[in-house]
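For reference, the structure is listed below as structure tokens.
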């Protein structure tokens, strides 16, 4: 109703700024047709964000395919892509665990007890994992997104725990 009133009065000084902002929003991929999902333009950044949120199964719900054909493609893409993502993450974890096995050999050579070795490995794993996946990404988000460290930390945790509220989107 408001849009139709603005359309009738499009020559008025009151309507011009609103219509200009609406036009600019649409030009940049924000289509204000409904609440909830925003149908963005498919530039590289939005496409990358869509692929990441789909294959990681976080699904923030802010970028979604609009057409039935796009939705069906997304289903089949996900059926193939999610298992491949799991395989990729398993390979990454194997690479990250390699230093842990070297660390275990070092501790065995120091003649530590098995429980002490397990405790040291757990601490090593926690410190490394927290650093790589929770504590370092906020520094990247500060630079690339202009967020505070706390906002980046919140986003990293919410995303990696697959809660994915969607209140922060890179």
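In our numbering, the protein residues as written are 1152 to 1321.
Even for Gly, the Cβ is constructed at its ideal location relative to N, Cα and C.
The structure presented is a predicted model; accordingly, all values stated were derived computationally and were not measured.
If you follow the alpha helix (DSSP H) that residue i is part of, which residue opens it and which one closes it?
| i | result |
| --- | --- |
| residue 1321 | From DSSP, residue 1321 is part of no alpha helix (DSSP H); its letter is neither H nor E. |
| residue 1292 | 1288-1296 |
| residue 1265 | 1265-1281 |
| residue 1302 | 1300-1311 |
Assign residue i to one of two classes, buried (16 or more other C-beta atoms within 10 Å of its C-beta) or exposed (fewer than that).
| i | result |
| --- | --- |
| residue 1198 | exposed |
| residue 1316 | exposed |
| residue 1204 | buried |
| residue 1214 | buried |
| residue 1152 | Annotation note: pLDDT 49 at residue 1152 (below 50); position unreliable, coordinate value reported separately. The residue in question, residue 1152, is exposed, as its Cβ has fewer than 16 Cβ neighbours within 10 Å. |
Can you find the residues in the same chain that come closer than 8 Å, C-beta to C-beta, to residue i, ignoring five residues on each side of it along the sequence?
| i | result |
| --- | --- |
| residue 1207 | 1236, 1310 and 1313 |
| residue 1284 | 1307 and 1311 |
| residue 1396 | Any property of residue 1396 remains undetermined from this structure, which presents the chain solely from 1152 to 1321. |
Between the Cα of residue i and the Cα atoms of the options, which residue gives the shortest distance?
| i | options | result |
| --- | --- | --- |
| residue 1272 | 1259, 1295 and 1239 | 1259 |
| residue 1249 | 1234, 1214, 1279 and 1193 | 1279 |
| residue 1253 | 1307, 1276, 1222 and 1304 | 1276 |
| residue 1306 | 1320, 1294 and 1297 | 1320 |
| residue 1221 | 1246, 1193, 1233 and 1234 | 1193 |
| residue 1196 | 1296, 1282 and 1300 | 1296 |
| residue 1286 | 1256, 1300 and 1201 | 1300 |
Return the chain-ordered list of same chain residues with a C-beta closer than 7 Å to the C-beta of residue i, the five sequence neighbours on each side being excluded.
| i | result |
| --- | --- |
| residue 1210 | 1204 and 1315 |
Keeping to the same chain, check which residues put their C-beta closer than 6 Å to that of residue i; ignore five residues upstream and five downstream.
| i | result |
| --- | --- |
| residue 1292 | 1298 and 1303 |
Subject >> Any alpha helix (DSSP H) of 4 or more consecutive residues that is wholly inside the stretch 1199-1244 >> reply: none
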